[in-house]
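Each number in my numbering corresponds to the 1-based position in the sequence shown with 21 added.
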Amino acid sequence: MENTRNLTILNRNQTLDNIEATVFDLIVIGGGITGAGIALDAASRGLKTLLLDMQDFAAGTSSRSTKLIHGGLRYLKQLEVALVREVGHERALLHQKAPHIVQPKKMLLPIIENGSLGINATSFGLYMYDRLAGVDKDERRSMHTKEETIQMEPLLRTDVLLGGGLYYEYQTDDARLTIEVLKTAHKFGAVCLNYAEVAGFLYHPNGAIAGVKAIDHVTEKAFAARAKTVVNAAGPWVDAVRGKDEYISGKRLHLTKGIHIVVPYKRLPLQQAVYFDVPADGRMIFAIPRQNTTYIGTTDTTYTGSITNPLAQPEDVEYLLHAVNFMFPTVKLAFEDVKSTWTGLRPLIHEDGKDPSDLSRKDEIFYAVSGLISIAGGKLTGFRKMAERVVDAVVKQLYKTEGRPVKNTITHDITLSGGHFLQPDAVEPFIDELAQTCANKGLTHLQIEGLVWKYGSNTPVLLQLFDQYYHHRNSITPAQQLLLAELHYGVQHEMVTNLCDFLIRRTGMLYFNRPQLQNDVFLLLDELEQLLQLTKQQKLHYYRQFEQEYAAVMHFKKVMQEPVF
Ligand SMILES: Cc1cc2nc3c(=O)[nH]c(=O)nc-3n(C[C@H](O)[C@H](O)[C@H](O)COP(=O)(O)OP(=O)(O)OC[C@H]3O[C@@H](n4cnc5c(N)ncnc54)[C@H](O)[C@@H]3O)c2cc1C
Numbered sequence: 022m023e024n025t026r027n028l029t030i031l032n033r034n035q036t037l038d039n040i041e042a043t044v045f046d047l048i049v050i051g052g053g054i055t056g057a058g059i060a061l062d063a064a065s066r067g068l069k070t071l072l073l074d075m076q077d078f079a080a081g082t083s084s085r086s087t088k089l090i091h092g093g094l095r096y097l098k099q100l101e102v103a104l105v106r107e108v109g110h111e112r113a114l115l116h117q118k119a120p121h122i123v124q125p126k127k128m129l130l131p132i133i134e135n136g137s138l139g140i141n142a143t144s145f146g147l148y149m150y151d152r153l154a155g156v157d158k159d160e161r162r163s164m165h166t167k168e169e170t171i172q173m174e175p176l177l178r179t180d181v182l183l184g185g186g187l188y189y190e191y192q193t194d195d196a197r198l199t200i201e202v203l204k205t206a207h208k209f210g211a212v213c214l215n216y217a218e219v220a221g222f223l224y225h226p227n228g229a230i231a232g233v234k235a236i237d238h239v240t241e242k243a244f245a246a247r248a249k250t251v252v253n254a255a256g257p258w259v260d261a262v263r264g265k266d267e268y269i270s271g272k273r274l275h276l277t278k279g280i281h282i283v284v285p286y287k288r289l290p291l292q293q294a295v296y297f298d299v300p301a302d303g304r305m306i307f308a309i310p311r312q313n314t315t316y317i318g319t320t321d322t323t324y325t326g327s328i329t330n331p332l333a334q335p336e337d338v339e340y341l342l343h344a345v346n347f348m349f350p351t352v353k354l355a356f357e358d359v360k361s362t363w364t365g366l367r368p369l370i371h372e373d374g375k376d377p378s379d380l381s382r383k384d385e386i387f388y389a390v391s392g393l394i395s396i397a398g399g400k401l402t403g404f405r406k407m408a409e410r411v412v413d414a415v416v417k418q419l420y421k422t423e424g425r426p427v428k429n430t431i432t433h434d435i436t437l438s439g440g441h442f443l444q445p446d447a448v449e450p451f452i453d454e455l456a457q458t459c460a461n462k463g464l465t466h467l468q469i470e471g472l473v474w475k476y477g478s479n480t481p482v483l484l485q486l487f488d489q490y491y492h493h494r495n496s497i498t499p500a501q502q503l504l505l506a507e508l509h510y511g512v513q514h515e516m517v518t519n520l521c522d523f524l525i526r527r528t529g530m531l532y533f534n535r536p537q538l539q540n541d542v543f544l545l546l547d548e549l550e551q552l553l554q555l556t557k558q559q560k561l562h563y564y565r566q567f568e569q570e571y572a573a574v575m576h577f578k579k580v581m582q583e584p585v586f
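Okay, here's the thing in structure tokens:
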């Protein structure tokens, strides 16, 4: 049944009352991309679904990735042909269903002497990839001579360059993709709540799982939620959640850390994204232009520290700087050029004796005696198929226990929130049209473009808020008026609860637009106070939280300044 209410924090108390009064078919633990996909698949098959996340949605790995919807080139290197086919298909489908946040981007692969790929291997590999992944004709790979490659990317080093391959990857915003999937799940009736931590489980007398014990972190009150099935999609915390149900034997997670650094675009002004060799260890990394920045990543090292706050260390940053300076020798990037970082943890399945980069990215489902279903591994790109497999397992359990008829997934037919365009190439004309109608409000084409790549077909709703509440505030600039309208939209439609939700996961400002952020943080905080009726204490708490996150993205600098003795 379609839910006509918004995904908002404004009716949180009512949502909590409803949760306690309902027996759900399914509770999903974790609101990253995996849990969001499962909630959407389940709700659209008609299951009464609840999703809980202990932090904000996407606050785990799903806001800390390289932000690419891959076609699976890496899997081809490992000869995982079926997987290349699957992710290629998924990528094309996602572009259709959410064209505002899944866009094709040219990717240049320079081929160098003694690099990990030779000219023939690259040409053949990219050719196979195009065929297996069903890549559109006009996005198929092209191979280029050394001279052509230098013309495409004049910053590349020339002494060891042999040529280049040009192909397409799809760029996304991982946290926004997650929120759009959750908004769609909510439309199908899923109840989704952030800042609600699962602390334990409820059981039937026969030991079968009957729901969860949880804590609402807005009020710090405990509550219980009952359900017929429970799925653990807690990403890097999957083992911690499994451990609350049973003693874990057999397969476990192996967490690996990956960091990204962000530099001003003018310090690494690439003509397109580049996927290139790291000379030190034969790995490959990306450098990707985004707005006024270029971001570079990633690393891949075994991780055993705090799961909630993984941080980039000086040696991680140095590794990336060294790789960039090798491939683009004239730019001479230094620590001072790094304006922000983010750090994510891959929830991979442990395999004895394998290095982090060799561990499989495949997902795997674990079944506990209690009936708890856990899912780990996988990629952002494959979230829809992962969700399908998990909900198939849930539906089987419901069939066994209740004889419920089995329903198949319909997510291949679902357009995601914000993705309602006749076809993907209708996004650009939509931007032009909106920009024209907004020109007399002091809004530029660039600003409208920025909004549409975030909110897609929902942008007019946001612009209505701009007209209604902010357009005539003379004391602030049109850019600030627009920012406040975005905050208002976030509170009303995307369950923004505090400043960091908005600045990190709804807008990416903390990583990609720190200069504007410094100017506007108090304006945003005052507006949030009004919108959510915050107490002075809450306001201060949210500001302190922001300060911590602001410092965390530059943690490596702090470490570098600490005395050695
Ligand atoms: C550096 C890096 C780069 C990557 N790049 C790409 C890429 O470009 N493309 C791609 O396809 N994939 C990429 N990936 C992989 C991809 O990001 C992950 O596979 C994916 O985001 C994992 O999502 P998840 O939902 O399983 O985990 P998460 O996003 O971590 O979500 C788990 C959620 O569970 C919640 N949770 C945990 N415990 C509890 C509890 N007790 N109660 C309630 N909630 C709980 C957490 O708060 C968290 O929000 C990358 C990964 C990394 C680390």
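From the three backbone atoms N, C-alpha and C, an ideal C-beta is built for every residue, glycine too.
For residue i, the three-state DSSP class (helix, strand or coil)
i, result
"ALA243", "strand"
"VAL202", "helix"
"PHE577", "helix"
"THR170", "helix"
"LEU603", "Past the boundaries of the shown model lies residue 603; the chain is included only from 22 to 586, so the question cannot be answered."
"ASP298", "strand"
"LEU455", "helix"
"ASN534", "coil"
"ASP266", "helix"
"ARG311", "strand"
"LYS127", "strand"
"VAL517", "coil"
"LEU47", "strand"
"ASN253", "strand"
"GLN554", "coil"
"GLY53", "coil"
"GLN559", "helix"
"HIS238", "coil"
"GLY184", "strand"
"HIS207", "helix"
"GLY440", "coil"
Expected contact under 8 Å - CB spacing of residue i and residue j to nearest Å
i, j, result
"VAL219", "ILE50", "5 Å"
"ARG405", "GLY58", "6 Å"
"VAL252", "ILE54", "The pair is not a contact, with the Cβ atoms about 14 Å apart (cut-off 8 Å)."
"PHE347", "PRO120", "That belief does not hold up - the Cβ atoms of PHE347 and PRO120 are roughly 36 Å apart, past 8 Å."
"PHE297", "ILE40", "At roughly 48 Å, the Cβ-Cβ gap does not stay under 8 Å, so PHE297 and ILE40 are not in contact."
Close Cβ partners of residue i (< 8 Å) along its chain, the five nearest in sequence each way excluded
i, result
"GLY228", "VAL390 and SER391"
"LEU10", "Limits of the chain in this structure are 22 at one end and 586 at the other, which puts residue 10 out of reach."
"HIS165", "MET173, GLY184, GLY185, GLY186 and LEU187"
"ILE452", "HIS466, ILE469, GLU470 and VAL473"
"ASP541", "GLN501 and LEU504"
"PHE577", "LEU332, ALA333, GLN334, PRO335, ASP337, VAL338, PHE356, VAL359 and THR362"
Own chain partners of residue i with C-beta closer than 6 Å, once the 5 adjacent residues on each side are dropped
i, result
"VAL239", "TYR216"
"LEU289", "THR315 and VAL352"
"ALA196", "ALA79, SER84 and ARG526"
"PHE209", "ALA64 and SER65"
"VAL295", "LEU129 and ALA308"
"PHE591", "No answer is possible for residue 591: it lies beyond the span of the chain, which begins at 22 and ends at 586."
"ARG263", "ILE269 and SER395"
"LEU401", "ILE54, SER86 and ASP195"
"SER163", "LEU187"
Delimiting residues of the alpha helix (DSSP H) encompassing residue i
i, result
"GLY146", "140 to 153"
"HIS343", "335 to 348"
"SER395", "Taken as a continuous stretch (DSSP letters only), SER395 belongs to no alpha helix (DSSP H), being part of the beta strand (DSSP E) at 394 to 397."
"ILE469", "466 to 476"
"LYS406", "404 to 423"
"LEU483", "480 to 486"
"LEU35", "Just to set this straight, residue 35 is Gln in the shown sequence, not Leu. Taken as a continuous stretch (DSSP letters only), the alpha helix (DSSP H) holding GLN35 covers 33 to 42."
Start and end residues, beta strand (DSSP E) containing residue i
i, result
"GLN117", "First-last for GLN117: 102 to 118, but that is the alpha helix (DSSP H), not the beta strand (DSSP E)."
"SER361", "361 to 370"
"HIS275", "274 to 285"
"THR70", "70 to 73"
"SER217", "Note that residue 217 is Ala in the sequence shown here, rather than Ser. From DSSP, the beta strand (DSSP E) with ALA217 extends over 217 to 224."
Spatial neighbours of residue i in its chain, beta-carbon cut-off 7 Å, leaving aside the 5 residues before and after
i, result
"LEU503", "LEU464, GLN468 and PHE487"
"VAL412", "ILE59, ASP62, ALA63, ARG66 and THR430"
"THR205", "LEU61, ILE435, LEU437 and SER438"
Closer than 7 Å: residue i CB and nearest ligand 3 heavy atom
i, result
"VAL262", "No copy of ligand 3 appears in this structure; the ligands present are ligand 1."
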